[in-house]
Structures are given as C-alpha cells and as structure tokens.
Amino acid sequence: MQSTAAQHGEGGLQDTGSVRHIDHVTYVAAWENEKGFIETWEALGFHEHVRVFTDRHPATHIALVAGTSPEYPWATMTGLSISEDPESPINEFVRRYGAGTQHVAYNVDPTTDMEEVYQRLKSIGWNFMTPVLTFEDKNKAMLRQAFVAPAIPFGPFVEFVQRLPGPDGKAFDGFDMMNIDELYDHYADYSRRLEAGKIK
Ligand SMILES: [Fe+2]
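Each residue of the sequence shown is one higher than the last, beginning at 1 in my numbering.
Printed below as a string of structure tokens:
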C-alpha cells in the first residue's frame, strides 16, 4: 500500500469513519485486589459478563459490562487482567508502573476491511506488535484484532478490534478470549527485545 499525503491527508487518514467508539478499556492489578476492583466498577453500574482463564500465560481475564446497545448486549466494557504468576507480563506491568490501564481498544466499523485499516495505519507510522489476529466463535461470528506495540517494556498499549456478526446477526460476544495467550506471546517478546535495546 502506498503512503502519500494525497491518500491520507496531512498527517492522518482521510477516511475517518473506520473507528466508531471505544470498545473496552482493560486494567491490570495485583492478584489480591480483584474483589475491590470489581466492587468499584459495580458501584458504577457494571456487572461481570465473562471470565476467561489462560494457560500459557496463567492469568484471569474478567470483562465487566454496563448498559445495552442495538449492536451488542452491552454499551460499554471494562476489563481486568490479574495473575498469580510472578513472571506474568501482567505483574511485570504492575511492578514497574503500578496498577492501572493496560490497554484501550478502539472499535472498528464491521463494514471496514480490517487488514486495509491495519496497512494504512502502518503506512503512516503506527508500530504494531501483532498482525491482524482473527478468531471465530461457535456461532461463526468473528473477532479481528491488531495490537500496537508498547513504547516502554511491558507498558501500556492500544488495540483495534472489529466484531463481525455471524449468520445469526449476533456480533462476537465477549472478551478477546481465544487470542489472549497469543497477544501475550507478542507482548512479552516485544518488551524483552525493547528492553535489550534490539528495537529502537
Ligand atoms: Fe482487549
């Protein structure tokens, strides 16, 4: 894909319709602070929607949601990732930077070609740590995600996520469950190379 000022305008994409809203914001915290985190968000009207356990990078990933929308069974989503494993990239973040926002995910319009968005962002300088990852749920709904590399080792990052409905019209329902270990492979590897000075 060519990158020219004529295609993208001065300093950005001409097509501003690709991203519609924040899909979710995910936090990391110390393992023992799960209950307090959930209670805080329950006070704001959130409830637990799904809880996912990962094996390769042992951790618990909890999605809390609030409200409803025509497209999804929620209006907004907050994630919490916690781990008992001291070596977890989650705990690397908490040790280095404290508990807080690990990543913000922007929702990409389902009518947009996700791969094209990805290539166009790369062409104007966005540095991704993953390719576009694609997953399908049992109802043939698809989740497509691409993750921007952190600027500091085990630091915060940005996600672009697209939820494509299956034949029943329902969008991929839930958190980014199947890809989490794959994301953490890329995140840990990129962070170690960044720390070793192998990435400038
Ligand atoms: Fe996410």
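Where a beta carbon is used, it is the ideal one built from N, C-alpha and C, also for glycine.
Original post:
Is T26 near ligand 1, judged by its Cβ being under 6 Å from some heavy atom?
Top reply: If you number the sequence shown from 1, residue 26 lands on position 26. Yes, the Cβ of T26 comes within 6 Å of a heavy atom of ligand 1.
**OP:** Write down the C-beta distance between E42 and H103 rounded to the nearest angstrom, noting that I regard them as a contact closer than 8 Å.
**Re:** The sequence position of residue 42 within the sequence shown is 42, counting from 1. The sequence position of residue 103 within the sequence shown is 103, counting from 1. Taking 8 Å as the upper bound for CB-CB distance, E42 and H103 are not in contact here, some 22 Å apart.
**OP:** Quick one: residues in its chain with C-beta nearer than 7 Å to the C-beta of A149, no 5 flanking neighbours on either side, listed in chain order?
**Re:** Taking the sequence shown and counting its residues from 1, one reaches residue 149 at position 149. Within the same chain, Cβ atoms closer than 7 Å to the Cβ of A149 are found at N127, F128, M129, F157, Y190, the five residues on either side in sequence being excluded.
**OP:** Determine the burial state of Q119: buried for a count of at least 16 other Cβ atoms within 10 Å of its Cβ, exposed for fewer.
**Re:** Within the sequence shown, the letter at position 119 stands for residue 119. Exposed, because fewer than 16 other Cβ atoms sit within 10 Å of the Cβ of Q119.
Subject >> Neighbourhood of G79 by C-beta, 6 Å cutoff - its chain only, sequence neighbours within 5 removed >> reply: Here the question's residue 79 lines up with position 79 in the sequence shown. Short of 6 Å from the beta carbon of G79, and not among the five residues preceding or following it, lie these beta carbons of its own chain, in chain order: H24, T26, A63.
Original post:
With burial defined as no fewer than 16 other Cβ atoms inside 10 Å of the residue's Cβ, what is the status of A6: buried or exposed?
Top reply: Working through the sequence shown from its first residue, we reach residue 6 at position 6. Because A6 carries a pLDDT of 38, less than 50, the predicted location of this residue cannot be relied on, and no value is offered for it.
Original post:
What are the boundary residues of the beta strand (DSSP E) that M77 is part of?
Top reply: In the sequence shown, residue 77 corresponds to position 77, counting from 1. Element bounds for M77: 76-82.
Original post:
Is there at least one Cβ from chain D nearer than 7 Å to N33's Cβ?
Top reply: Going by chain labels, chain D is absent from the structure shown, which holds only one protein chain.
Original post:
With contact counted as at least three CB pairs below 8 Å, one residue from each stretch, are the region 79-97 and the region 48-65 in contact?
Top reply: Yes: at least three Cβ pairs fall under 8 Å.
**OP:** Taking only heavy atoms of ligand 1 into account, decide whether any of them is closer than 6 Å to the Cβ of A105.
**Re:** Taking the sequence shown and counting its residues from 1, the one referred to as residue 105 is at position 105. At least one heavy atom of ligand 1 is nearer than 6 Å to the Cβ of A105, so yes.
Subject >> Nearest neighbour of W31, chosen from D55, I90, G45, T101 [CA to CA] >> reply: Numbered from 1 along the sequence shown, position 31 holds the residue referred to as residue 31. Checked all of D55, I90, G45, T101; the closest Cα to W31 is I90.
**OP:** Assign I180 to buried or exposed, taking buried as 16 or more other Cβ atoms, counted over all protein chains shown, within 10 Å of its Cβ.
**Re:** Taking the first residue of the sequence shown as 1, we reach residue 180 at position 180. Buried is the call here.
Original post:
If we count the other Cβ atoms within 10 Å of its Cβ and call it buried at 16 or more, is E136 buried or exposed?
Top reply: Stepping through the sequence shown from its first residue, residue 136 is reached at position 136. Counting other Cβ atoms within 10 Å of its Cβ, E136 stays below 16 and is therefore classed as exposed.
Subject >> Among Y187, N139, G169, nearest to A146 - alpha-carbon criterion >> reply: For the purposes of this step, residue 146 is taken as residue 146 along the sequence shown, with counting starting at 1. Put simply, of Y187, N139, G169 the residue whose alpha carbon is nearest the alpha carbon of A146 is Y187.
Original post:
Is L183 buried or exposed, if buried means 16 or more other CB atoms sit within 10 Å of its CB?
Top reply: Reading the sequence shown from its first residue, position 183 is the one you call residue 183. L183 is buried by the Cβ-count criterion.
Original post:
From which residue to which residue does the alpha helix (DSSP H) around G36 run?
Top reply: Translated into positions along the sequence shown, residue 36 becomes position 36. Taken as a continuous stretch (DSSP letters only), the alpha helix (DSSP H) holding G36 covers 34-42.
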